[in-house]
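Participant: In the numbering used here, the protein residues as written are 58 to 237. In this text, a Cβ means the ideal position worked out from N, Cα and C, and glycines have one as well.
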Ligand SMILES: [Zn+2]
């Protein structure tokens, strides 16, 4: 496919979005006017099969989503979470790993090159000696949950006791979210 065809595909998709006259279109106008109040923060992988809004059947303004390959955390992610929890009053943070994760797979195969290494290094730190892909995925999620619990344990603006921090693994075939 030519580059211009790809752009056209995006533009056509955007046109369809603008022309929609359903519940989502109404929500678009409503949230633009009244602001967002996402009930949960989801840290998920960038994998194109892992779309939190679809997985949780959520509409515009309901989820504050951070997507990064391998659902790893660094300061940019923590800043985004701090904003949503502190200013938008989201009270649940979910770290969502998934089956068949390429980033976890790359880490288990020894790590990636270039910028990818920043991601696989973090995953390797989380999984340690574990080489089973399912268990490694869980450990990667658990690691991120631990970081969040530590970072937001005593926060001046976020009432920690009201904040629920959880991990889960999404099955890309069945669609099931298994809470850890
Ligand atoms: Zn992934």
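Please state whether DSSP places residue 112 in a helix, a strand or coil.
Facilitator: Note: residue 112 maps to helix in three-state DSSP.
Participant: Ends of the beta strand (DSSP E) at residue 87?
Facilitator: Here residue 87 belongs to no beta strand (DSSP E); instead the alpha helix (DSSP H) covers 80–91.
Participant: Applying the criterion that 16 or more other CB atoms from any shown protein chain within 10 Å of the CB defines a buried residue, is residue 123 buried or exposed?
Facilitator: Buried, since its Cβ has 16 or more Cβ neighbours within 10 Å.
Participant: Would you check if the stretch 149–163 and the stretch 187–205 touch, i.e. whether three or more CB-CB distances between them fall below 8 Å?
Facilitator: Touching, yes, given that three or more Cβ pairs across the two stretches are closer than 8 Å.
Participant: Compute the beta-carbon to beta-carbon distance between residue 86 and residue 134, rounded to the nearest angstrom, for a pair I have assumed lies under 8 Å.
Facilitator: With 8 Å as the limit, residue 86 and residue 134 do not qualify as a contact, their Cβ atoms being about 30 Å apart.
Participant: At what residues does the beta strand (DSSP E) containing residue 236 begin and finish?
Facilitator: 234–236 is the span of the beta strand (DSSP E), which, as asked, contains residue 236.
Participant: Out of curiosity, what's the CA-to-CA distance linking residue 222 and residue 91?
Facilitator: Roughly 27 Å between the two C-alpha positions.
Participant: Thinking C-alpha only, which one of 84, 185, 190, 169 is nearest residue 115?
Facilitator: Minimum Cα distance to residue 115 is reached at 84.
Participant: With a floor of 4 residues, list each alpha helix (DSSP H) that falls wholly inside the stretch 126–150, ordered by position along the chain.
Facilitator: The qualifying runs are 132–144.
Participant: The alpha helix (DSSP H) spanning residue 117 covers which residue range?
Facilitator: Where residue 117 is concerned, there is no enclosing alpha helix (DSSP H), given that its DSSP letter is neither H nor E.
Participant: For residue 226, name the three-state secondary structure that DSSP assigns.
Facilitator: If DSSP states are grouped into helix, strand and coil, residue 226 belongs with the strands.
Participant: Would you identify the three-state DSSP class for residue 152, choosing helix, strand or coil?
Facilitator: In this structure, residue 152 counts as strand in the three-state DSSP scheme.
Participant: Distance, Cα to Cα, residue 219 vs residue 78?
Facilitator: Rounded to whole angstroms, residue 219 to residue 78 spans 37 Å at the Cα level.
Participant: Please report the residue range of the beta strand (DSSP E) in which residue 97 lies.
Facilitator: 97–101 is the span of the beta strand (DSSP E), which, as asked, contains residue 97.
Participant: Cα-Cα, which of 217, 136, 102, 168 is closest to residue 129?
Facilitator: Of 217, 136, 102, 168, the residue nearest in Cα terms is 102.
Participant: With DSSP as the reference, label residue 77 as helix, strand or coil.
Facilitator: It is coil, neither helix nor strand.
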